[in-house]
Amino acid sequence: MSAPLLSIEGLDVRFQIGRSLFGKGESLQAVRDVSLTVEPGECVGIVGESGCGKSTLARAALDFVTPAAGRILWRGRDLATLDAAGRHAFRRAVQPVFQNPLGSLNPRMTVGDIIAEPLETLRPDIPAAERRPRAIAWLEKMGLTADMADRYPAEFSGGQAQRIAIARAMISEPEMLICDEAVSALDVSVKAQIVNLLQALQRETGIAIIFISHDLAIVRQIATRVMVMYLGRMMEDSATAPLFARQYHPYTQALLSAVPIPDPAAERARVPTLLRAEVPSPLRPPSGCVFHTRCPAAKPNCILEVPAPTHPADGRTVACHYAGVQIRGMQVAG
Amino acid sequence: MAMLEISNLGVSFRTPRGTLHAVKDVSFSLEPGRCLGIVGESGSGKSQTMLGMLGLLPQNGTVTGSALFEGEELIGAPRRRLDELRGARMSLVFQDSITGLTPHMRIGDQLAEVLQVHKGFSRKQALAESLAMLEVLRLSEPERRLRQYPHELSGGMRQRVMIAMALLCKPSLLIADEPTTALDVTVQATILSTLGKLKDHAGTAIILITHDLSVVAGVCDEVAVMYGGRIVEHAPVDELFAAPAHPYTKGLFMCTPRIDMPRGGGLPATPGVPPPLNAMPPGCAFSPRCPEADARCEQVRPEARRIGNRLAACLKVPA
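Protein chains in written order, with our numbering: chain X, 52 to 385; chain Z, 1346 to 1664.
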């Protein structure tokens, strides 16, 4: 079997907080022992609440932060050991799309130049004269018009700016897009347009996508596989349809039960599991299973032992001592 | 008589490029213990309607029409009178909780101040009442929160403090503008369940402004959908969700993903974007994007018509 497109193995990412003349400060473990593989053409959704490490994982996969432990393999080759040429090829092959498109586009460059710019460094094989026609072709593929190439980002709406950001990401013909909350700031109808656009891109080019979002309904729509994170750790990883049909991890159950449904009858029937307390500080994560302080099903060994990932069903990984336990109706007040 | 009666409310802004009409001819009424959802995309006028009614528009804004709150006219009321009403009998919660709290005051002092100013409570009484309210909102370690500063709390905790502050005086009307938009779903669930209890047990009337139809479905009794500064459809929540009448509402429903059932073949998204305020089409504002529009829709602006329990402003909706 050939190696997966991207393979993350036992990844740890730490940040040093409050380092000064007087001390080393504290170490914040943003991602801890996370493994993930992405196959060509797959769309992997990464979900979890703010501070769960999903964006840090994305930044590590883009080689923006250096892991403290673990490996990131691109087509079987460790990023840490890539030579200059290998690194260049990786930069071309993996492209990011961020949440705030107007913030990520240079306001002083025309849209045509913004889209064409990556070709200069990432695709020196393409002659300079061909850059602009390619940029315009991508602009049109994104549902915009050729005359927009001479305008500036400020003249565009959020949805149009996100189309421009996607065109810029796509022009080097990458093999993977990493979308970090790429549709979160957009209005409902525009959000749907961008999701459809990404799905069409996948069908046409076979590009793989890592889709990071806190919006579980959108993730269900676009992702083929979903990984749930909490406080820097993987809780559950499964193909999309089985995950939404049945959740083995109590945290996944609580998270999914909290999502409102656009249907009054379904809403009256829905009983969200209201978790107790707040998400603990990532500076001092709980011992054992990081979810034990809020888990209605926690037992003493959850406080002591970090649960090793198990595979209770086909293609599913769960990090819980009691994988499969159902917490519905077990909610605790306070 | 209704607790709140809004008639022909308009909001406009003077700008260097001319006058922009952000809200046009908005009318609705609200009874105690009822929750009205106002749904729309950015620029639809949903927030400006509320800011206009409350006298919170910036210098270049003008509000016209009438807003009767418990029989008292708010439009054109003296600023001091509006100051008395806001915070005491009608309260506001905004999306952005960090700018709503004073950074250099402890949470407890900020909460207690509301009761000391509006209700004449002693500081001790006011702090006890504030503590009780934080417990209702399920904040962990409420005593400690009272001694903390806003920057020490997470976004979800701050938003619950803002809601606690809005509820301290037991207002008869709560206006919540995207109160859960910036929050994680688990915190959103807590806040929405609190709003539901408030309406059922305390008889508070709620106006919930949101872009999210899922949020509306669980809490609201009726829904007004806004587009281009006008209400295009207003109906009881069950009727609206069972059969949206206006083509814009239909489009909104179709492109809203559901966690309980994915849509095969993608989300049928309405093409295009809302028209800018300075280039409104002469007829129906939605006509350039509407799949059902014809030449008449482009020229004739549809008046809101009553159809059963529902109001719809569309020439194509049968009577």
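Beta carbons are placed, not taken as given, at the ideal position from N, Cα and C, and that holds for glycine.
Specify, as a first and last residue, the run of the beta strand (DSSP E) that X/ARG122 falls within. Start at 1 with the first residue of the first sequence, and residue 122 of chain X comes out as number 71. That run of the beta strand (DSSP E) goes 120-125.
Using 10 angstroms around the beta-carbon of X/PRO184, count the other beta-carbons present and answer buried if the total reaches 16, otherwise exposed. Sequence index remark: in the first sequence, residue 184 of chain X carries index 133 (1-based). Exposed, because fewer than 16 other Cβ atoms sit within 10 Å of the Cβ of X/PRO184.
Tell me whether X/THR196 is buried or exposed, calling it buried when 16 or more other Cβ atoms sit within 10 Å of its Cβ. Locating residue 196 of chain X in the first sequence gives position 145, where the first residue counts as 1. The residue is exposed, with fewer than 16 neighbouring Cβ atoms inside 10 Å.
Taking only three categories from DSSP, how would you classify Z/HIS1496? Within the second sequence, numbered from 1, the residue matching residue 1496 of chain Z stands at position 151. Z/HIS1496: helix per DSSP, three-state reduction.
In chain order, what are the residue ranges of uninterrupted alpha helix (DSSP H) at least 4 long that sit wholly in the stretch 1558-1616 of chain Z? 1558-1564, 1582-1587, 1592-1600
Sequence-distant residues of its chain with Cβ nearer than 7 Å to X/GLY76 (five each side left out): Taking the first residue of the first sequence as 1, we reach residue 76 of chain X at position 25. Excluding residues within five positions, the ones whose Cβ falls inside 7 Å are GLN67, ILE68, GLY69, ARG70.
Let's see if you can read the secondary structure: which residues bound the beta strand (DSSP E) around X/PHE454? In the structure as shown, chain X starts at 52 and stops at 385, and residue 454 of chain X therefore has no counterpart that could be examined.
Backbone secondary structure at X/GLY339 - three-state DSSP: Locating residue 339 of chain X in the first sequence gives position 288, where the first residue counts as 1. Three-state DSSP puts X/GLY339 in coil, outside helix and strand.
Between the Cα of X/THR324 and those of X/GLU100, X/LEU306, X/CYS340, spot the shortest distance and give me the residue it belongs to. Position 273 of the first sequence holds residue 324 of chain X. Of the candidates X/GLU100, X/LEU306, X/CYS340, the one whose C-alpha sits nearest the C-alpha of X/THR324 is X/LEU306.
Hey, how far is the Cα of X/GLY61 from the Cα of X/MET285? Within the first sequence, numbered from 1, the residue matching residue 61 of chain X stands at position 10. Within the first sequence, numbered from 1, the residue matching residue 285 of chain X stands at position 234. If you take the alpha carbons of X/GLY61 and X/MET285, they lie about 10 Å apart.
Can the beta-carbon of X/ALA54 be found less than 8 Å from the beta-carbon of X/LEU124? Your numbering for residue 54 of chain X matches position 3 in the first sequence. Your numbering for residue 124 of chain X matches position 73 in the first sequence. The answer is yes: Cβ separation under 8 Å.
In its own chain, which residues sit with a C-beta less than 7 Å from the C-beta of X/ARG126, not counting the 5 before and 5 after it? Translated into positions along the first sequence, residue 126 of chain X becomes position 75. Answer for X/ARG126: ALA54, LEU56, listed in chain order.
Kindly list the residues whose CB is nearer than 7 Å to the CB of Z/GLU1350, restricted to its own chain and excluding five residues on each side of it in sequence; keep chain order. Locating residue 1350 of chain Z in the second sequence gives position 5, counting from the first residue. For Z/GLU1350, where only same-chain residues beyond five positions count, the Cβ hits under 7 Å are SER1374, LEU1413.
Using 8 Å as the limit for Cβ to Cβ distance, is Z/THR1360 near chain X? On the second sequence, position 15 is the one that residue 1360 of chain Z refers to. For Z/THR1360, the answer is no, since every Cβ of chain X falls outside 8 Å of its Cβ.
Our contact map puts Z/MET1346 next to Z/GLY1416 with C-beta atoms below 8 Å; I'd like the distance itself, whole angstroms only. Against the second sequence, residue 1346 of chain Z aligns to sequence position 1. Against the second sequence, residue 1416 of chain Z aligns to sequence position 71. With 8 Å as the limit, Z/MET1346 and Z/GLY1416 qualify as a contact, their Cβ atoms being about 7 Å apart.
On the DSSP bridge assignment, give the partners of Z/GLU1436 in chain order. Reading the second sequence from its first residue, position 91 is the one you call residue 1436 of chain Z. Note that residue 1436 of chain Z corresponds to Ser in the displayed sequence, not to Glu. DSSP output for Z/SER1436 lists Z/LEU1519 as bridge partner(s).
Based on DSSP bridge pairs, tell me the residues matched to Z/GLU1418. Within the second sequence, numbered from 1, the residue matching residue 1418 of chain Z stands at position 73. In the DSSP output, where bridge partners are listed per residue, Z/GLU1418 has Z/LEU1413.
The stretch 1559-1570 of chain Z in contact with the stretch 303-320 of chain X per 3-pair CB rule at 8 Å: yes
Counting only beta-carbon atoms, is Z/SER1499 nearer than 8 Å to chain B? You won't find chain B in this structure, because its protein chains are X and Z.
Does any CB atom of chain X fall closer than 8 Å to the CB of Z/ILE1604? Mapped onto the second sequence, residue 1604 of chain Z falls at position 259. By this cut-off, Z/ILE1604 is an interface position.
By the criterion of Cβ-Cβ separation under 7 Å, what are the contact partners of Z/THR1615 in chain X? Counting from one through the second sequence, the residue named residue 1615 of chain Z turns up at place 270. Residues of chain X passing the Cβ test: SER240.
Give the interface partners of X/ASN247 over in chain Z, defined as CB-CB distance under 8 Å, in chain order. Position 196 of the first sequence, counted from the start, is the residue given in the question as residue 247 of chain X. Here the neighbours are GLY1611, LEU1612, ALA1614.
Suppose you measure from the CA of Z/MET1510 to the CA of Z/PHE1631; what does that come to, to the nearest Å? As a working mapping, residue 1510 of chain Z is identified with position 165 in the second sequence. As a working mapping, residue 1631 of chain Z is identified with position 286 in the second sequence. Approximately 38 Å, taken between the alpha carbons.
So which residues of chain X does Z/CYS1600 contact, with C-beta pairs closer than 7 Å? Taking the second sequence and counting its residues from 1, the one referred to as residue 1600 of chain Z is at position 255. Going along chain X in sequence order, the residues near Z/CYS1600 (Cβ under 7 Å) are VAL239, SER240, ALA243.
Round the Cβ separation of X/MET381 and X/PRO347 to the nearest angstrom and send it over; I've been treating them as touching at under 8 Å. In the first sequence, counting from the first residue as 1, residue 381 of chain X sits at position 330. In the first sequence, counting from the first residue as 1, residue 347 of chain X sits at position 296. Right, the Cβ-Cβ distance comes to about 4 Å (below 8 Å), so this counts as a contact.
Once the 5 residues before and after Z/ARG1483 are set aside, which same chain residues still bring their CB inside 7 Å of it? Your numbering for residue 1483 of chain Z matches position 138 in the second sequence. So the qualifying residues of the chain are THR1535.
Taking CB distances under 8 Å as the criterion, tell me whether X/ARG271 reaches chain Z. Counting from one through the first sequence, the residue named residue 271 of chain X turns up at place 220. At least one chain Z Cβ lies under 8 Å of X/ARG271.
Burial state of Z/GLU1648, where buried means 16 or more other Cβ atoms lie within 10 Å: Here residue 1648 of chain Z is taken as the residue at index 303 of the second sequence, counted from 1. Under this definition Z/GLU1648 is an exposed residue.
By DSSP, does X/MET160 sit in helix, in strand, or in coil? Numbered from its first residue, the first sequence carries residue 160 of chain X at position 109. Coil, per DSSP.
Let me know the secondary structure DSSP gives X/GLN67 once reduced to three states. The residue labelled residue 67 of chain X in the question sits at position 16 within the first sequence. Three-state result, X/GLN67: strand.
For X/ILE245, which residues in the same chain have their Cβ closer than 8 Å to its Cβ, ignoring the five residues on either side in sequence? Position 194 of the first sequence, counting from 1, holds the residue named residue 245 of chain X. Taken in chain order, the residues that qualify are GLY210, GLN213, ARG214, ILE217, ALA233, VAL234, LEU237.
Please go through the stretch 206-250 of chain X and give each complete beta strand (DSSP E) segment of 3 or more residues, from N-terminal end onward. 227-231
CB Z/VAL1438 to CB Z/GLY1397, shorter than 8 Å? Position 93 of the second sequence, counted from the first residue, corresponds to residue 1438 of chain Z. Position 52 of the second sequence, counted from the first residue, corresponds to residue 1397 of chain Z. No, the pair does not count as a contact, with Cβ atoms beyond the cut-off.
If contact means a Cβ-Cβ distance below 9 Å, which residues of the stretch 299-319 of chain X contact chain Z? ALA305, LEU306, LEU307, SER308, ALA309, VAL310, PRO311, ILE312, PRO313, ASP314, PRO315, ALA316, ALA317, GLU318, ARG319
Against X/HIS265, what residues of chain Z qualify as contacts under a CB-to-CB distance less than 8 Å, listed in chain order? Here residue 265 of chain X refers to the residue found at position 214 of the first sequence. Within 8 Å Cβ-Cβ: ASP1529, VAL1530.
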